[in-house]
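**Student:**
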Amino acid sequence: MSAGNALRRRLASAALFILFVLLGLFAVSPIVTLIVASFKPAQEIMRYGLNLRLDWELLSLKNYAYLFSDQSLYLTWYGNSLLITAVFTVLCLFFSSMVGYALAVYRFRFRNALFALVLVTMMIPLEIIILPLYKLSISLKLINNMWGVILPFMVAPLPIFFFRQYASGLPKDYLDAARVDGCTEFGIFFRIMVPLMAPAFSSMLILQSLFSWNNFLWPLIVLRTNEQLTIPIGLATLLTPYGNNYDMLISGAVLAIVPILIVFLFFQRYFIEGMTAGGIKG
Amino acid sequence: MAQPVPSTPRQAAVGLARLRRLAYSQSVAPWLFVLPFILSFAVFFAWPVLSAVNMSFQEVLPGQVRYIGLENYRDLWNPTFRKALLNSTEYTIWTLIILIPLPLVLAVFLNSKLMAWRNFFRSTLFVPALVSVVVAGTVFRLAFGELEGSLMNTIITAFGFEPQKWLRHEGLAMFTLVLLATWRWTGINILYFLAGLQNIPRELYESAEIDGASAWDRFIRITLPLLKPITIYVLTISIYGGYAMFTESYMLWAGNRSPNDIGLTIVGYLYRNGIEQNNLGLGSAVGIVLLIITFTATMIQLKLTGMFRRED
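Chains as they are written, first to last, in the numbering used here: chain A, 6 to 287; chain B, 602 to 913.
(1) Could you compute how far the alpha carbon of Val615 of chain B sits from the alpha carbon of Ala182 of chain A?
(2) Residues of the region 8–28 of chain A with a CB closer than 7 angstroms to any CB of chain B: list them in chain order, please.
(3) Measuring only the C-alpha atoms, how far is Arg911 of chain B from Ile821 of chain B?
(4) Using a Cβ distance threshold of 8 angstroms, determine whether the region 777–796 of chain B contacts the region 835–852 of chain B, with at least three qualifying pairs required.
(5) Select from B:Phe642, B:Asn861, B:Ile863 and B:Ile889 the residue whose C-alpha is nearest the C-alpha of Leu871 of chain B.
(6) Just to confirm, is the Cβ distance from Gly915 of chain B to Gly54 of chain A under 7 angstroms?
(7) Between Pro610 of chain B and chain A, is the shortest Cβ-Cβ distance under 7 angstroms, so that the two count as touching?
(8) Pull up the CB-CB distance for Val160 of chain A and Pro637 of chain B, whole angstroms please, since I reckon it's below 8 angstroms.
(9) Residues bridged to Glu691 of chain B by DSSP?
(10) Could you check whether Ile211 of chain A and Tyr171 of chain A sit closer than 7 angstroms to each other, using their CB atoms as the reference points?
(11) Determine, using beta carbons only, whether Val650 of chain B comes closer than 7 angstroms to chain A.
(12) Whose Cβ in chain B lies nearer than 7 angstroms to the Cβ of Val160 of chain A?
(13) Check Thr245 of chain A in the structure and name its three-state DSSP category.
(14) Let me see if you follow: with CB-CB separation under 7 angstroms, is Ala855 of chain B close to chain A or not?
(15) Measure from the C-beta of Ile148 of chain A to each C-beta in chain B and report whether the shortest distance is under 7 angstroms.
(16) Taking buried to mean at least 16 other C-beta atoms within 10 Å of its own C-beta, is Tyr851 of chain B buried or exposed?
(17) Answer with yes or no whether the minimum CB distance from Tyr841 of chain B to chain A is below 7 angstroms.
(18) If you run the structure through DSSP and keep just helix, strand and coil, what is Leu147 of chain A?
(19) Counting pairs of Cβ atoms below 8 angstroms between the region 640–650 of chain B and the region 661–677 of chain B, do you hit three or more?
(20) Report the partner residues of Tyr668 of chain B according to the DSSP bridge assignment.
(21) Hey, Leu711 of chain B and Arg719 of chain B are a contact pair by Cβ (cut 8 angstroms); roughly how many whole angstroms apart?
(22) Looking at C-alpha atoms only, which residue of A:Glu232, A:Phe115 and A:Leu87 is the closest neighbour of Leu78 of chain A?
(23) With 7 angstroms set as the bound, which would you pick, yes or no: does the beta-carbon of Pro237 of chain A sit closer than that to a beta-carbon of chain B?
(24) From Ala241 of chain A to Ile811 of chain B, what does the alpha carbon distance come to, in whole angstroms?
(25) Kindly say whether Val736 of chain B, judged by its beta-carbon, lies nearer than 7 angstroms to any beta-carbon of chain A.
(26) Verify the CB distance criterion: does Met716 of chain B have a CB-CB separation below 7 angstroms to chain A?
(27) Along chain B, in chain order, which residues have C-beta atoms closer than 8 angstroms to that of Ala172 of chain A?
(28) Identify the continuous alpha helix (DSSP H) that holds Thr899 of chain B and give its terminal residues.
(29) With a threshold of 7 angstroms between beta carbons, is Leu119 of chain A in contact with chain B?
(30) Taking the CB atoms as reference points, tell me whether Leu136 of chain A and Leu881 of chain B lie closer together than 7 angstroms.
(31) Can you confirm whether Gly772 of chain B, when its beta carbon is compared against all beta carbons of chain A, has any partner nearer than 7 angstroms?
(32) Taking the alpha helix (DSSP H) that Thr169 of chain A belongs to, which residues open and close that run?
(33) Which residues, in order along the region 873–887 of chain B, keep a beta-carbon less than 7 angstroms from a beta-carbon of chain A?
(34) Would you please verify whether the beta carbon of Pro764 of chain B is less than 7 angstroms from any beta carbon of chain A?
(35) Terminal residues of the continuous alpha helix (DSSP H) containing Met280 of chain A?
(36) Give the interface partners of Pro702 of chain B over in chain A, defined as CB-CB distance under 8 angstroms, in chain order.
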């Protein structure tokens with residue numbers, strides 16, 4: 006290769022690098038701005054808006070202190086979010102892994118029809134059914150109750166689809182060997198398949214808990230009183246056309262995303278696999 | 602009184618044996634495994650869908666429900682809903698124009714041998730996807746505030762422009778919504794395209810290079826055609842996401858109330874009528890219109906990917 010060619014490659018490489026540094030700044034700057042603002046007094050934000058202006062003397066932990074004080078419900082919301090996310094994710098993984106496994110491994114009547122139903126559920130935006138679901142939740146007494154948030158979306162089509170795809174790719178010899186050894190069908194699932202599907206569980210664990218943690222529209226409809234709200238709904242109530250509760254809003258938003266960012270640092274691979282799960286072709 | 606519990610030891614033994622057979626049965630087990638899905642599908646999906654169709658032909662008032670034929674659909678032909686339909690469509694089109702070509706090209710760059718720190722950039726661009734729309738909406742609402750000192754106004758005044766009231770003007774409001782979508786989705790779409798790129802056999806590029814094809818030729822003749830399936834997938838989810846958009850607008854205008862409805866979307870209109878004004882009939886009709894739109898998009902996708910032809 007000529008020297009000119011090598012130079013051109015290095016230039017192209019440098020140009021690409023600069024482009025991606027700029028894009029990276031675009032990606033993280035709103036988050037950095039938010040974190041900086043969470044240490045500023047609310048009046049500062051009311052006067053100047055959200056920006057990167059830094060006046061070291063003004064920065065303090067006051068907003069965070071307020072979040073943890075008796076005057077704010079933030080900790081209650083945090084607890085609600087943690088509880089709903091944990092219960093939802095555990096139940097969702099439990100049920101959808103069973104369904105996905107059965108659709109992948111057993112041959113039974115209507116198997117394909119059931120799988121088609123899973124796909125149909127995946128293809129229809131849930132916004133369409135929120136009104137009937139709202140009516141149904143009222144009659145089932147699920148309004149303003151964490152089960153109302155959890156139950157309707159617990160057996161979720163996307164994880165079912167993902168687990169089915171994953172289980173289809175696993176060797177079936179183990180299963181027959183276990184049957185010969187006298188294992189029950191449930192035993193086979195829990196003792197053999199669940200450990201084999203561990204990577205699929207990790208991806209779905211992350212996807213579903215992130216979904217639940219950030220979920221907005223349905224909890225907004227189900228949860229009614231201030232004490233029952235989750236973080237996203239609680240934060241949204243702080244933002245009103247008549248004035249915003251900046252001190253709580255911004256520091257509350259920071260505390261809502263920081264745990265996710267930390268988990269992401271350590272388990273990037275599972276985030277990426279989980280969040281692109283829908284794109285995996287069967 | 603009925604006696605369902607086995608009382609004699611013999612009956613108990615028979616019951617146990619039956620249970621044991623069940624536990625080992627390969628024909629019963631799959632049904633027990635899929636039972637949660639069947640129940641959940643029936644109660645929380647099929648019933649609500651049918652109920653939405655039904656309610657869209659009804660006037661639903663507390664304590665009394667009557668059929669009014671197509672009146673809800675006729676009522677939908679009003680300026681506010683047309684505005685919502687137009688906003689959602691415009692938003693969807695913009696996200697398609699930006700969020701398909703841009704991530705595709707960026708994915709090709711990230712996949713190239715010339716790229717340093719590939720994984721670092723991939724992760725960095727992915728970070729916005731972790732942030733909830735509520736938090737992202739809060740940041741954008743404040744950064745696009747009308748105050749002179751807000752982030753966006755500081756940036757544009759540095760380039761010599763006048764400060765703007767971003768969330769009060771039709772065009773600027775759409776710009777803000779689309780920018781928010783671009784910020785949140787670019788990283789994820791890059792991942793989809795990267796997955797697609799990794800499925801393209803290296804040899805294709807190598808033999809093309811030997812035949813003297815330029816980088817541009819290789820992109821047009823190999824990369825683009827082979828990315829078609831994943832592109833169609835991204836197209837479909839973008840159409841869905843675009844038409845179902847609600848939270849972004851809810852957050853930017855603090856609760857679904859934008860001036861002159863410049864930020865009103867289809868789901869926003871559904872929420873306003875169905876939940877805020879408790880008009881479940883009209884709200885359901887909105888839902889059915891959204892269903893028709895997304896169903897059409899899916900059918901077009903299936904047709905394009907040739908799913909109707911394959912049989913397995």
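All C-beta atoms in this analysis are idealised placements derived from N, C-alpha and C, irrespective of residue type, glycine included.
**Tutor:** Taking the definition as stated:
(1) 28 angstroms
(2) Arg14, Ala17, Ser18, Leu21, Phe22, Phe25 and Leu28
(3) Low per-residue confidence applies at Arg911 of chain B: pLDDT is 47, beneath 50, and the placement is therefore not dependable, though the value from the model is reported in the following sentence. The straight-line gap from Cα to Cα measures roughly 27 angstroms.
(4) yes
(5) B:Ile889
(6) Here chain B has residues from 602 to 913 only, and residue 915 of chain B is not among them.
(7) no
(8) 5 angstroms
(9) For Glu691 of chain B, which the question treats as bridged, DSSP gives no partner whatsoever.
(10) no
(11) yes
(12) Pro637, Phe638 and Ser641
(13) strand
(14) yes
(15) no
(16) buried
(17) yes
(18) coil
(19) no
(20) B:Gln659
(21) 6 angstroms
(22) A:Glu232
(23) yes
(24) 58 angstroms
(25) yes
(26) yes
(27) Those within 8 angstroms of Ala172 of chain A in chain B number zero; the least Cβ separation is about 11 angstroms.
(28) Leu881 to Thr906
(29) yes
(30) yes
(31) no
(32) In the sequence as displayed, the identity of residue 169 of chain A is Arg instead of Thr. Its alpha helix (DSSP H) spans residues Pro162 to Ser173.
(33) Gly875, Ile876, Leu881, Gly884 and Ser885
(34) no
(35) Gln273 to Met280
(36) In chain order: nothing, as chain A lies at least about 15 angstroms away.
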